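Following: one structure in structure tokens, then a few remarks.
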Amino acid sequence: MMSSLIPLIYTTTRIHFIGSMPSSWSFSIASQVAWLNIGYEVINEALLLPLAFILGQVIRNSKEFQQRAAASLGVVVLIYAVVTTLVFAFTPQLVSAMHQQESLLAQTIKYIRLESIAIFLSSAYLFFNLVLLLHNKQKALYCLLVVQTVLTFFCDTLLVSQMPVSLQLGVTGIAITNIIVNSLLVVVSYKLLSINDIDLDLRAMTFEKSLWLKEWLKIGSRSGLESFVRNTAFVVMILQLMNQLQHAGTFWVANSFIWGWLLLPVLTLGQLIKQDAATNNGLSSQKVNRYFIVTCGIFVLWLVSVPLWESFIHRVMGVSNAVEVTSLVYLLAGFYIVFAFNNVIDSYFYGIGRTDLMLYQSLAVNSLFYGSAYICYQLGWFVPTLDRVAIMFGLGITFDAVITWCLYIMLRKQQSPRELVVV
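Printed below as a string of structure tokens:
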């Protein structure tokens, strides 16, 4: 949990800095990075997620690992470079397609271009971070988190905050901070590889007799397709509509609070389930039910903390329209309870390598549910408001959970009918 809590602290601090800016549209501009991150998330899930499996196969063979690592690093950086070049070239068209307000177009285009450079620089850091993770170098990983947190806070203070020492560059300062921090993280993470005796010689790069590349392509294409379908529906039906309603900032802050603070223990539990399922060749039905019980315990903590939510969003996160944001959080919280239960099964699927089930689930939700919602919107049957779009998003989560549960029961029946007994 600490690995998620440390970056959460600087993320919350950054939101506080944005909230203290004199411009009332700062959140609306900063929130546009959401769809940019989603685009790069597809690449990440197509390349880096399956790469953990590909490199993990040869973790004990130093020579083979070095060859695969060097070649895959080249592929990752090249693809990120190509995508970043395209984003940089077509930023005006992308921002317009997302229906950003006309008065904010120039600032948003500048911000998105700088953020795309920062994300490109992060590609090498993410790769080095993965290598350290595969070698179980926990101290090095925590060191990187601390460095990232300290550097981000320091640069945001000098570039973004409203303090006397700050240049007060607004949201542009956020992107510049990310460029500086990611550049330094690449250097520090590469140095940590050397300190931990992990050789990564780019001269070892070779693509000869690389059957593993085909396997990487096979797994990555499936994972990437699932991510693309899932995220495309979210961008078109949620983020784009929020921009049209001029509530992108409100939705972004509400989700930052939910995903950052409320779901922190839920996502941490998900990582534990993945590891448990992967190392034990699956989980019994009884073990999965125990994870459901733990999830219920998390809901109790949510319930106890509810009276503090608005105060936290206003005072700690520095959000001026805390009442509106908190109301949206209340509306979404029930749906995220469904998400938390769904997360247990999703994590189990990932842990046993059944990403094909995730693909079926994603195709069903985004073609049937969001496809129908899009048709209703185009026909004028669905008139979007902040609450209606949020409810649509929540119903999508619920529909996803129903399909996931059906797939889980089907899988259990294929394995052993006895394991369906609830304990």
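The opening residue of the sequence shown carries number 4 in the working numbering; numbering runs sequentially from there. We put the CB at the ideal spot given by N, CA and C, even for glycine. Keep in mind the model is a prediction, meaning the values are calculated, not measured.
What separation, rounded to the nearest whole angstrom, lies between the Cα atoms of residue i and residue j?
i                : j                 : result
valine 90        : arginine 293      : 45 Å
tyrosine 83      : cysteine 158      : 25 Å
serine 23        : glycine 173       : 10 Å
proline 167      : threonine 160     : 10 Å
leucine 51       : leucine 133       : 8 Å
valine 326       : glycine 263       : 19 Å
arginine 17      : threonine 87      : 24 Å
glycine 399      : leucine 371       : 10 Å
cysteine 409     : isoleucine 296    : 20 Å
leucine 129      : proline 10        : 14 Å
leucine 382      : proline 95        : 28 Å
glutamine 60     : tryptophan 219    : 12 Å
glycine 374      : leucine 242       : 15 Å
histidine 317    : isoleucine 412    : 43 Å
isoleucine 198   : isoleucine 406    : 47 Å
glycine 223      : glycine 356       : 12 Å
arginine 415     : phenylalanine 342 : 21 Å
leucine 423      : tyrosine 353      : Any answer about leucine 423 is weak, because its pLDDT of 41 lies below 50 and its placement is not dependable; what the coordinates show is given next. The alpha-carbon atoms of leucine 423 and tyrosine 353 are separated by roughly 19 Å.
valine 78        : serine 192        : 19 Å
isoleucine 276   : valine 347        : 7 Å
phenylalanine 68 : leucine 58        : 6 Å
tyrosine 333     : leucine 306       : 11 Å
glutamine 151    : serine 119        : 18 Å
Closest by CA to residue i, which one among the options?
i                : options                           : result
serine 446       : Ala49, Ile115, Thr16 and Gly22    : Past the boundaries of the shown model lies residue 446; the chain is included only from 4 to 426, so the question cannot be answered.
leucine 248      : Tyr363, Gly176 and Leu389         : Leu389
threonine 329    : Ile261, Leu362 and Phe385         : Ile261
alanine 178      : Val78, Ile32 and Leu286           : Ile32
serine 350       : Leu270, Met413 and Val341         : Leu270
isoleucine 115   : Leu135, Leu136, Phe93 and Lys66   : Phe93
serine 323       : Tyr353, Gly252, Arg415 and Tyr43  : Gly252
asparagine 246   : Ala143, Leu107 and Ser213         : Leu107
leucine 188      : Ala127, Leu228 and Met240         : Ala127
phenylalanine 20 : Gly321, Tyr363 and Ala404         : Gly321
alanine 404      : Ile378, Phe338, Gln103 and Leu148 : Phe338
threonine 175    : Val332, Gln35 and Val319          : Gln35
DSSP state of residue i, grouped into three classes?
i                : result
leucine 400      : According to the sequence shown, residue 400 is isoleucine rather than leucine. Three-state result, isoleucine 400: helix.
methionine 320   : coil
histidine 19     : helix
glycine 485      : Absent from the structure is residue 485, since the part of the chain shown begins at 4 and ends at 426.
serine 119       : helix
tryptophan 384   : coil
tryptophan 28    : coil
isoleucine 276   : helix
aspartate 359    : helix
aspartate 202    : coil
valine 424       : Because valine 424 carries a pLDDT of 39, less than 50, the predicted location of this residue cannot be relied on, and no value is offered for it.
methionine 245   : helix
leucine 137      : helix
threonine 14     : helix
phenylalanine 93 : coil
glutamine 103    : coil
glutamine 110    : helix
asparagine 284   : coil
serine 169       : coil
leucine 196      : helix
glutamine 418    : helix
leucine 129      : helix
Hey, could you find the ends of the alpha helix (DSSP H) residue i is sitting in?
i                 : result
threonine 63      : Per the sequence presented here, residue 63 reads as arginine, with threonine not at that position. Element bounds for arginine 63: n/a, residue is neither H nor E.
aspartate 349     : 325-354
aspartate 159     : 141-162
glutamate 218     : 214-237
tryptophan 3      : Limits of the chain in this structure are 4 at one end and 426 at the other, which puts residue 3 out of reach.
phenylalanine 260 : 251-260
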